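**Q** Just so you know, the protein sequences line up as chains A and B, in that order. Under our numbering, the first residue of the first sequence carries the number 175, and numbering increases by one thereafter. Under our numbering, the first residue of the second sequence carries the number 11, and numbering increases by one thereafter. The structure's right below; bear with me while I get my questions together.
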Amino acid sequence: MIDVLKVQGLKKNYSHRQAVKGIDLTIKNGGSLIAFLGPNGAGKSTTIKMLTTLLKPTAGSIEINGQQLPEKIREQIAVVFQESVMDADLTVRKNLLVRWKLYRGQSKSSVSELIHQVHAQDFQNQKYGSLSGGQKRRVDIARALINQPKILFLDEPTTGLDIQTRSLIWQMLSLMRKKQGMTIFLTTHYLEEAEQADQVDIIDHGQIIAQGTAADLKKRFAKSQLTLFSDELAQLNQQLPKQFSRQLTDSKIVVRVDNTADAIHLLSDFADKIKNFEFRPGTIDDMFMALTGKEIR
Amino acid sequence: MLAITQRNLKLYFRNRASVLFSLMSALIVLGLYLVFLKNGMQKNWSHLPDAIQLLDPWLIGGMMSVTATTASLNAIEQLVRDRQGHQLQDFLVTPTKSAWIQLGYFLSAVLIAVIMQLAVLLVAAGYFSFADKIQIRLRTLPALIAIIFLNGLCATALNLVIISFVKKVTTLSIIGSIVGTASGFLAGIYIPIGTLPAFAQNLIKLYPGAYSASLFRRILMQPQIAVSFRHVKEGQLALFKKMLGIGYQWESMTTFTQEFIVLAAVTVIALVLVLAKNRWVNSRQA
Chain A
175 MIDVLKVQGL
185 KKNYSHRQAV
195 KGIDLTIKNG
205 GSLIAFLGPN
215 GAGKSTTIKM
225 LTTLLKPTAG
235 SIEINGQQLP
245 EKIREQIAVV
255 FQESVMDADL
265 TVRKNLLVRW
275 KLYRGQSKSS
285 VSELIHQVHA
295 QDFQNQKYGS
305 LSGGQKRRVD
315 IARALINQPK
325 ILFLDEPTTG
335 LDIQTRSLIW
345 QMLSLMRKKQ
355 GMTIFLTTHY
365 LEEAEQADQV
375 DIIDHGQIIA
385 QGTAADLKKR
395 FAKSQLTLFS
405 DELAQLNQQL
415 PKQFSRQLTD
425 SKIVVRVDNT
435 ADAIHLLSDF
445 ADKIKNFEFR
455 PGTIDDMFMA
465 LTGKEIR
Chain B
11 MLAITQRNLK
21 LYFRNRASVL
31 FSLMSALIVL
41 GLYLVFLKNG
51 MQKNWSHLPD
61 AIQLLDPWLI
71 GGMMSVTATT
81 ASLNAIEQLV
91 RDRQGHQLQD
101 FLVTPTKSAW
111 IQLGYFLSAV
121 LIAVIMQLAV
131 LLVAAGYFSF
141 ADKIQIRLRT
151 LPALIAIIFL
161 NGLCATALNL
171 VIISFVKKVT
181 TLSIIGSIVG
191 TASGFLAGIY
201 IPIGTLPAFA
211 QNLIKLYPGA
221 YSASLFRRIL
231 MQPQIAVSFR
241 HVKEGQLALF
251 KKMLGIGYQW
261 ESMTTFTQEF
271 IVLAAVTVIA
281 LVLVLAKNRW
291 VNSRQA
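Listed below in C-alpha cells is the structure:
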C-alpha cells in the first residue's frame, strides 16, 4: 500500500541559517490525525510550507499519495491557513466558486454540497468580510475540501475561536476523516487538540525530537505532578528522597513523579506529615515542556 | 487564469476608492486645464483658427495616457495585497500553474487600464463636445483602441517592475501618489513640453507615458489639425507639434511608428525584467 505521506531527509537552508535540518516523516494510514507541534522558530512553518509545495526544499524528498511533482501533490492536498484568505468583499458562494475554478474535475454542484456540509447555507450570499470568526473558519474549511484532498493541512485552525465553534469544527473534520479517509495534518496551540492525535510529531531546532501516539509520548515524557500541603513544609521538603525534582512555595511542595506507584509510596511514607494532597497525571503540556524546555507559542 | 482575472475585476470595481484614485490624476489634469491652463494656451495659439478645438483633444490624449498608469497601478495593488494577506498562497496550492495565476493578475490589470481609459475618453469627449463643440471622429476609433490596449499593456508591465520591489500595501500607496503626480508632469500633460527648460524636456523624452500621450494626441487631433492648419504658413505646424509634444525631438521629430515601437519595446523589456527577477528569487529560494 502507498503511504499517505512519506518525507525523507527534508532540509531547508536560508542564507545564514538552517531552518530544517533533515526530517523524516511517514504517515501510513489514510484517515489519521497527525499533530505537528513545536515552539516558535522550531522550523514548523518552514516544514509545512515545503509539504504544501509553497517552498522548495534544499534537499530531501516529499511523496504524497505516491506523487512527487508539486503540481501533482497539489491535487492531493488542501490547506487551511492560519489567517483568513478569502476575499472580504465577495460573498461566500462567490469566493468558493473562484477557488473551485482553479481545480479540475469537480462538478459545480459540489460547491453547494460543501456549503451544506459546513452548515453555511444561511450566510452563503453574505460577504465573507461580514461573517463572524467561526463562520469564516467554516467557509475556509469548505474551501479546503473542494478538491477532496487526501491530506488536509490545518495551520493553527482554531486560534481565537470560541469553544463551541472549535468543537463544531472538530466534529465536521472527524466526520470527513471517517467518511472519506482524509488525513489531517495539524499544527496547533491548543495541546488538548493534539491529545486526540494518532501520531504526534514534535519538532525543535529543525529536527523531529519525539514521535509517537499522544498517550505513548505522555507516558514517556510527561511526569505526573503530586502537590503536597503540610504544616511542616520545610522539614518535609528535606526528608523527601533526592531523586524527585520539586518546587517549594509558601504553602505547598510540587513534586514530579514518574507514575502513580511512586506517588502512593511517597504518600504512605510521609502520611503523618501530609495534611492534604493533589495528584494530576502528566498532560501533553507537561510532555511538551519536558521535551522543548518551552511552553508552546 | 480567467477565474483570477474575473475575481480581480470584481474586487476592483467593488472598491469605489480604488476606482476613484485611478481617475484622480486624470481629473486633476482636467481641473488644472479648465481653471488655469486653458485660457493661457488659447491666447498663445489665438492666431490659429479653432484653437480650442485643437487644445481640447490634446488634453484628452494626456488624460488617457496618465489614466493607464494610475489605473493599472491601482489594479496591480491587488497582487501586493494578496501577497501580504497570503491569498496568493491559497491560489498557489491549487494545481493551476503559477504562471497562469500571475498571468491572470497581469491580464486583469491590463483590462482595468483599458476600461478606465475608455471611460475617461467617453467622459472627456462627452464633456468637451458639449462645452466646446469638439468632435471625435468615429473612424479614429480603431486606432484609438489599439493604442489604448498598447498603453494598458505598457503601463501594466512597467508597474509590475515597480511592484516586484514592493512588499507592503502602505509602501505601495505612497508610491501610488508619487507616480500619480509625477506621471502627469513626465508625460507633459500638466504643462506642455515646449514651455519647459531643456532638462525637463529630456526627462519627458525618457518617460514612456509621454509617447502614449503623443500617440493619442496624433489620433485625436489629426482631423482638426488638417482643418486648422490648411491656411497657416509652413513651419507653424512643426512648431505647434514640438511645443505641445506631438512627437518629440530626437535626431529628428519622432514618428507615429517610432513611438509605437518605443511603447512595444518598453513593454517587452519590462516583462523580461520581471520574469528575470522572478526567476532569480525562485532560484535563491531553492
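All C-beta atoms in this analysis are idealised placements derived from N, C-alpha and C, irrespective of residue type, glycine included. This structure is a prediction, so every number in the text was calculated from the model and none was measured.
Give me the residue from B:Thr191, B:Leu113, B:Ser75 and B:Gln112 with the minimum Cα distance to B:Ile155.
**A** Selected option, being the one with the closest Cα: B:Ser75.
**Q** Helix, strand or coil: which one does DSSP assign to A:Arg253?
**A** Looking at the sequence itself, residue 253 of chain A is Val, so the reference to Arg does not match. Of the three classes helix, strand and coil, the one that applies to A:Val253 here is strand, per DSSP.
**Q** Here's a check: name, in chain order, each residue in its chain whose Cβ is nearer than 7 Å to the Cβ of A:Glu452, leaving out the five neighbours to either side.
**A** Thr401.
**Q** How long is the line joining the alpha carbons of B:Arg160 and B:Val278, rounded to whole angstroms?
**A** The question names Arg, yet the displayed sequence has Leu at residue 160 of chain B. One C-alpha to the other measures close to 11 Å.
**Q** Cα separation between A:Asn321 and A:Met224?
**A** Rounded to the nearest angstrom, the two C-alpha atoms are 20 Å apart.
**Q** Locate the beta strand (DSSP E) running through A:Ile197, then write down its first and last residues.
**A** That run of the beta strand (DSSP E) goes Arg191 to Ile201.
**Q** Determine whether the beta carbon atoms of B:Ile173 and B:Gln127 lie at a separation below 7 Å.
**A** Their beta carbons are not under 7 Å apart, which means B:Ile173 does not touch B:Gln127 by this criterion.
**Q** Using a beta-carbon distance below 7 Å, is A:Glu245 in contact with chain B?
**A** Interface residue, yes.
**Q** Between which two residues does the beta strand (DSSP E) carrying A:Asp378 extend?
**A** Counting along the chain, the beta strand (DSSP E) containing A:Asp378 begins and ends at Gln373 to Asp378.
**Q** Residues of chain A with CB under 9 Å from B:Leu21, in chain order?
**A** Under the 9 Å cutoff, chain A gives Asp261, Asp263 and Leu264.
**Q** Does the Cβ of A:Thr200 have 16 or more other Cβ atoms within 10 Å, making it buried, or fewer, making it exposed?
**A** Exposed, since its Cβ has fewer than 16 Cβ neighbours within 10 Å.
**Q** Could you check whether A:Val292 and A:Leu270 sit closer than 7 Å to each other, using their CB atoms as the reference points?
**A** No, these two residues do not count as a Cβ contact at 7 Å.
**Q** What residue from B:Leu281, B:Asn292, B:Leu47 and B:Ala27 has the CA that sits closest to B:Ala165's CA?
**A** Checked all of B:Leu281, B:Asn292, B:Leu47 and B:Ala27; the closest Cα to B:Ala165 is B:Leu281.
**Q** How far does the alpha helix (DSSP H) with B:Tyr115 in it reach, from first residue to last?
**A** Residues Ser108 to Ala141.
**Q** With DSSP run on the structure shown, which of helix, strand or coil describes A:Glu490?
**A** The structure shown has nothing for residue 490 of chain A, since chain A only spans 175 to 471.
**Q** Run down chain A in chain order and give the residues with a C-beta less than 7 Å from the C-beta of B:Phe101.
**A** Per Cβ cutoff of 7 Å: Leu276.
**Q** Considering only residues of the region 292 to 336 of chain A, which uninterrupted alpha helix (DSSP H) runs meet the minimum length of 4 residues and lie entirely inside it, listed in chain order?
**A** The qualifying runs are 307 to 318.
**Q** How would you list, in chain order, the residues of chain B whose beta-carbon sits under 8 Å from the beta-carbon of A:Phe210?
**A** Result: empty, since nearest Cβ-Cβ is about 17 Å, beyond 8 Å.
**Q** In whole angstroms, what is the alpha-carbon distance linking A:Thr457 and A:Ser283?
**A** Looking at the two C-alpha atoms, the distance is approximately 44 Å.
**Q** By the 10 Å Cβ neighbour count, where 16 or more other Cβ atoms means buried, how is B:Glu261 classified, buried or exposed?
**A** Exposed, by the Cβ-count rule.
**Q** Classify A:Gln417 as helix, strand or coil using the three-state DSSP reduction.
**A** The answer is coil: DSSP assigns A:Gln417 none of H, G, I, E or B.
**Q** Let me check understanding here. Comparing Cα to Cα, which of B:Leu182, B:Gly198, B:Arg24 and B:Leu65 lies closest to B:Tyr258?
**A** Comparing Cα positions, the closest option is B:Gly198.
**Q** Just to confirm, is the Cβ distance from B:Leu283 to B:Val171 under 7 Å?
**A** Against a cut-off of 7 Å, the Cβ pair of B:Val171 and B:Leu283 comes out as a contact.
**Q** At a Cβ threshold of 7 Å, is A:Leu207 touching chain B?
**A** False, the Cβ-Cβ gap to chain B never drops below 7 Å.
**Q** Any idea which residues DSSP pairs A:Lys180 with across the strands?
**A** For A:Lys180, which the question treats as bridged, DSSP gives the partners A:Thr200 and A:Glu237.
**Q** Per DSSP, what kind of secondary structure is A:Asp405 in: helix, strand or coil?
**A** Here A:Asp405 sits in coil by DSSP.
**Q** Please identify, using Cβ separations under 8 Å, the residues of the region 84 to 97 of chain B that lie next to chain A, in order along the chain.
**A** Those would be Gly95, His96 and Gln97, in chain order.
**Q** Residues in its own chain within less than 7 Å of A:Ala233 by CB, not counting five upstream and five downstream?
**A** Correct list, in chain order: Gly183 and Lys185.
**Q** Considering just the uninterrupted stretch of the beta strand (DSSP E) at A:Thr357, what are its terminal residues?
**A** Unbroken beta strand (DSSP E) run through A:Thr357: Thr357 to Thr361.
**Q** As a quick exercise: from A:Leu179, A:Asp378, A:Ala318 and A:Gly196, pick the residue whose alpha carbon is nearest that of A:Ile208.
**A** Cα-wise, what sits closest to A:Ile208 is A:Leu179.
**Q** Closer than 7 Å, CB to CB, is A:Val194 near chain B or not?
**A** Cβ-Cβ to chain B under 7 Å: no for A:Val194.
**Q** Could you tell me the boundaries of the alpha helix (DSSP H) in which B:Arg26 lies?
**A** Run containing B:Arg26: Arg26 to Leu42, per the alpha helix (DSSP H) assignment.
**Q** Do you know whose CA, among B:Ala236, B:Val237, B:Arg227 and B:His241, lies nearest B:Leu254's CA?
**A** It is B:Arg227.
**Q** Starting from A:His386 and walking both ways along the beta strand (DSSP E), at which residues does that stretch end?
**A** First, the residue type needs correcting, since residue 386 of chain A is Gly and not His in the sequence shown. Run containing A:Gly386: Gln381 to Gly386, per the beta strand (DSSP E) assignment.
**Q** Could you tell me which chain B residues have their CB closer than 9 Å to the CB of A:Ile251, listed as they occur along the chain?
**A** Residues of chain B passing the Cβ test: Val103.
**Q** Would you say A:Val272 faces chain B, with C-beta separation under 7 Å as the test?
**A** It does; some Cβ of chain B falls within 7 Å.
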